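Visitor: Residue numbering for the sequence shown follows the working numbering, beginning at 1080 and increasing consecutively. No residue lacks a Cβ here, since even glycine has one placed at the ideal position from N, Cα and C. Nothing here was measured: the structure is a model prediction, and the numbers come from that model.
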Amino acid sequence: MAKYYKVLTEVFEDLSNSEIATKQRAYMRGQFDFFGLKQAERRTVFSEFIKDNELPPYSDLFEHVKWLYAHPQREYHYCAIELAMKYRKEWNSDFMSTMEFLITTNSWWDTVDYIATKLTGVFVLKRLDKQDELISPWILSTNLWLNRVAIIHQLNYKKYTNTSFLAKAILPHTHSKEFFHQKAIGWALRQYTRTDADWVIQFVEEHELKPLSKREALRLL
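1. Can you give me the Cβ contacts of THR1272 inside the same chain, cut-off strictly under 7 Å, excluding the 5 residues immediately before and after it?
2. Nearest-angstrom Cα distance between LEU1291 and MET1080?
3. So which of ASN1241, ALA1229, LEU1087 has the shortest CA-CA distance to GLU1154?
4. Identify the residues that DSSP records as bridge partners of GLN1152: which are they?
5. If ASN1235 sits next to THR1196, beta carbons under 8 Å apart, how far is it from one beta carbon to the other, in whole angstroms?
6. Note the first and the last residue of the continuous alpha helix (DSSP H) segment covering MET1178.
7. Tell me which residue opens and which closes the alpha helix (DSSP H) that ASP1189 is part of.
8. Establish whether the CB of GLU1161 and some CB of chain B are separated by less than 8 Å.
9. Check whether the Cβ atoms of PHE1114 and GLU1161 sit closer than 8 Å, and answer yes or no.
10. Using the C-alpha atoms, what's the distance from LEU1134 back to ALA1267?
11. Are the Cβ atoms of ALA1276 and ILE1230 separated by less than 8 Å?
12. Around the C-beta of TYR1106, are 16 or more other C-beta atoms found within 10 angstroms, so that it is buried, or is it exposed?
13. Can you tell me the Cβ-Cβ gap for VAL1191 and VAL1228, rounded? I've got them flagged as a contact below 8 Å.
14. Rounded to the nearest angstrom, what separates GLU1284 and TYR1239 at their Cα positions?
15. Shortest alpha-carbon distance to ASN1226 belongs to which of VAL1201, PHE1128, GLU1179?
16. Going by beta-carbon coordinates alone, are THR1183 and TRP1146 separated by less than 8 Å?
17. Which residues in the same chain as TYR1148 place their Cβ atom closer than 8 Å to its Cβ, once the five residues preceding and following it in sequence are excluded?
18. At the level of alpha carbons, what is the spacing between TRP1188 and LYS1256?
19. Apart from the five residues just before and just after TRP1217, which ones in its own chain have a Cβ nearer than 7 Å to its Cβ?
20. On the three-state DSSP scale, how would you describe PRO1135?
21. Checking 8 Å against the spacing of the C-beta atoms, do TYR1166 and LEU1140 come in under that value?
22. Measuring CA to CA, which of GLN1110, GLU1098, VAL1090, SER1138 is closest to ARG1122?
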């Protein structure tokens, strides 16, 4: 695995910028190390790397994801997520375990929120008949990031949003003191006001939400 990513590692090291890395680490509250590449630069580097190297077989995806996630630098984590996205047409039921690993490992809002819409949301949208089966276990998980993904994975669904499931995902966490629960609830509801504001207004009226959740939910109205 290290041999496969040798060139990528060398490029990251060559392009590293300690000044930018320090700022990035501070922005992430010191939770991760960085090489100091900006997003556009890092994406270009990884895209070129994939073009120059044979894409690993889908059956090896999870091993590649784990290898990338084992590194302290956040750029590797972003690459793991982008690598997973390259297999969209091959995702099967086994991909749920890969997503859960990506969500619950090295967790912070930057990766989790991206995974929620770009991976989980896309994956479930093609399997709406199995939405409850696939995502319900995350609603009551002791892992707050799985809770958050269950709440916000429908952000881009618009008319395809399952409001019953949205309510199901939100209600167990309406009294949570956790910022990431409160913000997720408000975000999911606010986004759905673009599709059905009346539903959101009624939901907010019928359920006691934390002030942050309520304020965020109604911000566009």
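Guide: So, to answer that:
1. VAL1279, LEU1299, LEU1300
2. 45 Å
3. LEU1087
4. ASP1112
5. 6 Å
6. 1174-1183
7. First-last of the alpha helix (DSSP H) with ASP1189: 1188-1194.
8. In summary, chain B is missing from the structure at hand, where a single protein chain is found.
9. no
10. 35 Å
11. no
12. exposed
13. 6 Å
14. 23 Å
15. GLU1179
16. no
17. TYR1155, HIS1156, ALA1159, PHE1180, LEU1181, THR1184, ASN1185
18. 17 Å
19. LEU1225, ASN1226, VAL1228, ALA1229
20. coil
21. yes
22. VAL1090
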